[in-house]
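Residue numbers (the UniProt record's numbering): 1 to 390. Ideal Cβ positions, reconstructed from N, Cα and C, are used throughout, including at glycine. Taking it in order: structure first as structure tokens, then the write-up.
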């Protein structure tokens with residue numbers, strides 16, 4: 001990455017803008033950060049979940065009309081990191097010297113719903129499998145991740161307080177993030193006392209719907225050298241995308257149905273590519289759409305053994321002063337979750353962390369970063385980063 005940029009994430013309808021405005025702001029920020037002009041970009045991968053066909057073209061036309069290939073990307077909540085994966089793949093494969101990954105979302109307030117009701121819903125297979133394990137409830141997303149949390153509690157004795165502490169942590173981290181949708185700090189009692197969405201999840205442990213955009217400029221080593229950008233560049237040292245496995249359904253487990261095995265498989269591939277272990281990582285941005293998923297993901301990423309995520313929380317091992325700082329941005333719970341932009345916002349945060357420019361959120365001595373972005377239905381992208389100049 002040679003340039004990153006994003007907009008502030010906003011409550012839907014709270015700002016007078018449309019997705020081209022979001023894309024223009026994030027894209028220009030990323031190009032300015034890279035110190036290059038848009039005509040140097042050879043391909044663009046543009047992600048969004050809710051929108052009409054070719055919205056990707058309309059979005060990047062705000063940056064210029066250069067005739068380059070523009071590929072529209074939709075992979076549910078992992079859309080942004082999928083655009084990043086494709087842009088990096090194009091550069092890695094020698095197809096482009098410089099590519100843009102851009103994501104945006106203009107969302108409706110409230111819980112996510114379906115757009116097309118005259119056909120099979122992509123999550124139906126997962127929902128039917130989960131309904132065999134725990135009684136179905138609405139809305140579907142908190143039901144799925146809440147069910148996974150309940151299963152974790154039943155198996156390992158994890159408590160509602162441990163999940164709530166994750167909400168406390170991420171809201172506390174967001175106080176220092178000017179891009180975050182919410183910047184309020186809450187006590188454990190306040191998180192626990194908030195409206196229950198699906199037990200054990202309360203409202204302050206759930207990511208909100210959000211509007212916003214993120215963008216990342218990816219370039220080859222040759223491009224970086226030609227333009228003298230090595231001092232700001234951040235290298236992708238490992239990256240993997242994994243979709244649902246046989247175990248997703250064969251395990252008869254809510255934890256598997258929300259993607260734990262996908263994450264575990266992708267993380268192992270990334271560690272092998274990068275030649276690192278979880279203990280080598282300094283800072284992590286992971287997909288905390290719900291606090292239950294953050295805890296489950298600790299285990300899937302190998303930060304601890306299966307069933308021991310609650311111990312990491314109680315020990316303070318996932319915040320400043322602990323073994324890792326997880327979601328210094330405030331995560332999806334507090335920063336917000338505009339689906340197409342989330343993965344690129346995670347990448348932006350980690351780039352700033354590795355450059356040492358994250359201001360009050362800065363993790364001291366951060367040299368290796370890990371990103372995790374998941375979308376049910378399903379796909380997960382895990383990426384490891386380090387500064388290009390070591």
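| query | result |
| --- | --- |
| Selection from 340, 195 and 368 that minimises the alpha carbon distance to residue 26 | 340 |
| Given 8 Å, three or more beta-carbon pairs between the region 69-85 and the region 331-346 | yes |
| Short Cβ contact (8 Å threshold) for residue 123 with residue 332 | no |
| Same chain, Cβ closer than 6 Å to residue 322, five either side skipped, listed in chain order | 316 |
| DSSP bridge partner residues for residue 284 (one or two, in chain order) | 326 and 370 |
| Endpoints, alpha helix (DSSP H) assigned at residue 85 | 79-92 |
| Completely contained alpha helix (DSSP H) runs for the region 126-160, where each covers 4 or more residues | 140-156 |
| Inter-residue Cα distance where the pair is residue 92 and residue 230 | 17 Å |
| Bounding residues of the beta strand (DSSP E) (the contiguous stretch that carries residue 72) | 70-73 |
| Inter-residue spacing [alpha-carbon to alpha-carbon] between residue 268 and residue 366 | 21 Å |
| Boundaries (first-last residue) of the beta strand (DSSP E) holding residue 387 | 379-387 |
| Rounded separation between residue 201 and residue 187 - CA only | 15 Å |
| Where residue 254 falls: helix, strand or coil (DSSP) | helix |
| Three-way DSSP call (helix, strand, coil) for residue 211 in this model | strand |
| Beta-carbon proximity of residue 270 to residue 380, cut-off 8 Å | no |
| Proximity winner among 362, 389 and 357, relative to residue 4 (alpha-carbon distances) | 357 |
| Bounding residues of the alpha helix (DSSP H) (the contiguous stretch that carries residue 44) | Note, residue 44: premise wrong, no alpha helix (DSSP H); beta strand (DSSP E) at 43-47. |
| Stretch-stretch touch, CB-based, cutoff 8 Å, three pairs: the region 175-185 with the region 6-21 | yes |
| Residue nearest to residue 280 in terms of C-alpha spacing, selected from 348, 384, 352 and 312 | 384 |
| Residue from 67, 158, 330 and 283 with nearest C-alpha to residue 204 | 330 |
| Separation of residue 369 from residue 117, as counted between CA atoms | 40 Å |
| Nearest residue (CA-CA) to residue 56, options 46, 62, 50 and 63 | 46 |
| Sequence-distant residues of its chain with Cβ nearer than 6 Å to residue 238 (five each side left out) | 270, 273, 274 and 384 |
| Member of 106, 289, 154 and 347 whose CA lies at the smallest distance from the CA of residue 253 | 154 |
| Span of the alpha helix (DSSP H), counted from its first residue to its last, around residue 57 | 55-60 |
| For residue 128, the nearest candidate out of 257, 289, 324 and 301 (CA to CA) | 257 |
| Selected residue, minimal CA-CA separation from residue 207, among 288, 53 and 324 | 288 |
| Any beta strand (DSSP E) of 3 or more consecutive residues that is wholly inside the region 288-353 | none |
| Sequence-distant residues of the same chain with beta carbon closer than 7 Å to residue 96, five excluded per side | 42, 43 and 90 |
| Span separating the alpha-carbon of residue 283 from that of residue 50 | 30 Å |
| Whole-number beta carbon distance between residue 164 and residue 191, since they are thought to touch under 8 Å | 4 Å |
| Coil, strand or helix - residue 362 by DSSP | coil |
| Euclidean distance between Cα positions of residue 307 and residue 66 | 52 Å |
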